[in-house]
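Undergrad: Sharing a structure, written as structure tokens. Questions coming.
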Amino acid sequence: MQWRPSASHDALIKRARLLAQVRDFFALRRVLEVDVPVLGARTVSDPHLDSVYTELPQRYLQTSPEYFMKRLLATGCGPIYSLAKAFRAGDRGHRHNPEFTLLEWYRPGWDENQLMEELADLLVSVACVSHETAQRVSYRDIFLATVNLDPHQASLAALAELAGDVAQRDMSDESRATCLDVIFSFEIEARLPPGVVFVQDYPACMSALAQLGVDACGVTVARRFEVFLDRSELANGYFELLDADEQRRRFQSDNQQRRAMGKPEMLADEKLLAALEAGLPSCAGVALGIDRLLMHLMGAEHIAEVIAFAD
22 MQWRPSASHD
32 ALIKRARLLA
42 QVRDFFALRR
52 VLEVDVPVLG
62 ARTVSDPHLD
72 SVYTELPQRY
82 LQTSPEYFMK
92 RLLATGCGPI
102 YSLAKAFRAG
112 DRGHRHNPEF
122 TLLEWYRPGW
132 DENQLMEELA
142 DLLVSVACVS
152 HETAQRVSYR
162 DIFLATVNLD
172 PHQASLAALA
182 ELAGDVAQRD
192 MSDESRATCL
202 DVIFSFEIEA
212 RLPPGVVFVQ
222 DYPACMSALA
232 QLGVDACGVT
242 VARRFEVFLD
252 RSELANGYFE
262 LLDADEQRRR
272 FQSDNQQRRA
282 MGKPEMLADE
292 KLLAALEAGL
302 PSCAGVALGI
312 DRLLMHLMGA
322 EHIAEVIAFA
332 D
């Protein structure tokens, strides 16, 4: 019977130090730490995320504190962050654990570009990277440079063919967003430059909870970004969607895709929608995986090396 921790004592010390550094960073910037539930009556509808359902009546372990935090933002609480556990069913691997530590924060009055600057500041503060080495690239540019396809203009058939080639399975019935995600994960992510890379201006079909905008080429894009540290996905941010009606439409669209994938539908979070109707302030938000950041700091190969008791 293996009862010992999966992480070393040194890893636990470094983990505690990192959490303290994160809290110090936000305390100096007067961002309030909030403690929100990890159990909720509703959960995300994202077809690519699976929530953990509990035996309590209609309660899910949350994949992120986002919905609760947005309800706080709608009360005028100002900038906030959460540093807590999150849960995703089925996530296991050298970079995945079903229970993990997530840092999430929101900045009212900011857009995604300002938030990317602050995220870079945080990484400089805790990860010993420099602003000079951080790169920004559009989703279009990295696609064109790597696979010679424009992700906004390429046909679904062309995307499905390439996705099928790299994943070695039939992708002809998959959505545009799924094909793009497969191509990025299999073909592009491992070929990103080393260091910190911000990828922004995602295709509109991958908007999730982000607002739409128009890029320099006049194409409608999702105002979201992802951050990669030495080719490992670290954070995901949005210029947040404010429109309750559009949010409801996206919930419905997610459930259509969930049905097509044979997954259970998720009821819309009516309290989140009510908060949006009451008035969510214009804001940007980002979620960052603390365990992955600690893996980078320690040079760890497996997430179990940085979690006291991995699943």
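All residue numbers for the sequence shown refer to the numbering used here, where the first residue is 22 and numbers rise by one. Think of the CB as a built atom: it goes at the ideal place given N, C-alpha and C, for glycine as much as any other residue. Keep in mind it's a predicted model, so treat the numbers as computed, not measured.
Could you tell me the distance, in whole angstroms, from the CA atom of residue 160 to the CA atom of residue 109?
TA: What you label residue 160 is simply residue 139 of the sequence shown in a count that begins at 1. What you label residue 109 is simply residue 88 of the sequence shown in a count that begins at 1. If you take the alpha carbons of residue 160 and residue 109, they lie about 26 angstroms apart.
Undergrad: Could you tell me the distance, in whole angstroms, from the CA atom of residue 229 to the CA atom of residue 271?
TA: For this step, residue 229 is matched to residue 208 along the sequence shown. For this step, residue 271 is matched to residue 250 along the sequence shown. Straight-line Cα distance between these residues: approximately 8 angstroms.
Undergrad: Check whether the Cβ atoms of residue 184 and residue 203 lie closer than 8 angstroms to each other.
TA: Sequence index remark: in the sequence shown, residue 184 carries index 163 (1-based). Sequence index remark: in the sequence shown, residue 203 carries index 182 (1-based). Cβ distance < 8 angstroms, so residue 184 and residue 203 count as in contact.
Undergrad: Tell me the rounded alpha-carbon separation between residue 170 and residue 197.
TA: For the purposes of this step, residue 170 is identified with residue 149 of the sequence shown, where counting begins at 1. For the purposes of this step, residue 197 is identified with residue 176 of the sequence shown, where counting begins at 1. Cα to Cα, residue 170 sits roughly 13 angstroms from residue 197.
Undergrad: State the CB to CB distance for the pair residue 301 and residue 95, rounded to an integer number of angstroms; the pair is presumed to be in contact (CB under 8 angstroms).
TA: For the purposes of this step, residue 301 is taken as the residue at position 280 of the sequence shown. For the purposes of this step, residue 95 is taken as the residue at position 74 of the sequence shown. Indeed, because the Cβ distance is near 5 angstroms, the residues count as touching under 8 angstroms.
Undergrad: If you check the beta carbons only, do residue 336 and residue 327 fall under 8 angstroms apart?
TA: For the chain, the structure presents residues 22 to 332; residue 336 sits outside this window and is missing.
Undergrad: Can you tell me which residues form a DSSP beta bridge with residue 306?
TA: Taking the first residue of the sequence shown as position 1, residue 306 is located at position 285. According to DSSP, which records beta bridges pairwise, residue 306 is partnered with 127 and 259.
Undergrad: To which residues does DSSP link residue 61 through a beta bridge?
TA: Taking the sequence shown and counting its residues from 1, one reaches residue 61 at position 40. According to DSSP, residue 61 bridges with 81.
Undergrad: What is the DSSP secondary structure of residue 273, counted as helix, strand or coil?
TA: Position 252 of the sequence shown, counted from the first residue, corresponds to residue 273. Looking at residue 273 - three-state DSSP - the assignment turns out to be helix.
Undergrad: Could you check the C-alpha separation between residue 261 and residue 85 for me, to the nearest Å?
TA: Here residue 261 corresponds to residue number 240 of the sequence shown, with the count starting at 1. Here residue 85 corresponds to residue number 64 of the sequence shown, with the count starting at 1. Spanning the two alpha carbons is a distance of roughly 15 angstroms.
Undergrad: Can you find a C-beta in chain C that's less than 8 angstroms from the C-beta of residue 223?
TA: In the structure shown, chain C does not exist; there is a single protein chain.
Undergrad: Between the C-alpha atoms of residue 239 and residue 172, what's the straight-line distance to the nearest angstrom?
TA: Your numbering for residue 239 matches position 218 in the sequence shown. Your numbering for residue 172 matches position 151 in the sequence shown. Rounded to whole angstroms, residue 239 to residue 172 spans 14 angstroms at the Cα level.
Undergrad: To test your reading of the DSSP string, which unbroken alpha helix (DSSP H) runs of 4 or more residues are found completely within the segment 95 to 168?
TA: List check, alpha helix (DSSP H) in window: 133 to 148 and 160 to 168.
Undergrad: Provide the residue(s) that pair with residue 221 in DSSP beta bridges, ordered along the chain.
TA: Numbered from its first residue, the sequence shown carries residue 221 at position 200. Paired residues: 159 and 246.
Undergrad: According to DSSP, is residue 291 helix, strand or coil?
TA: Sequence index remark: in the sequence shown, residue 291 carries index 270 (1-based). If DSSP states are grouped into helix, strand and coil, residue 291 belongs with the helices.
Undergrad: Just to confirm the assignment, what range does the alpha helix (DSSP H) spanning residue 185 have?
TA: In the sequence shown, residue 185 corresponds to position 164, counting from 1. Its alpha helix (DSSP H) spans residues 177 to 188.
Undergrad: What three-state label does DSSP hand residue 28 in the structure shown?
TA: Here the question's residue 28 lines up with position 7 in the sequence shown. Residue state, collapsed to three classes: coil.
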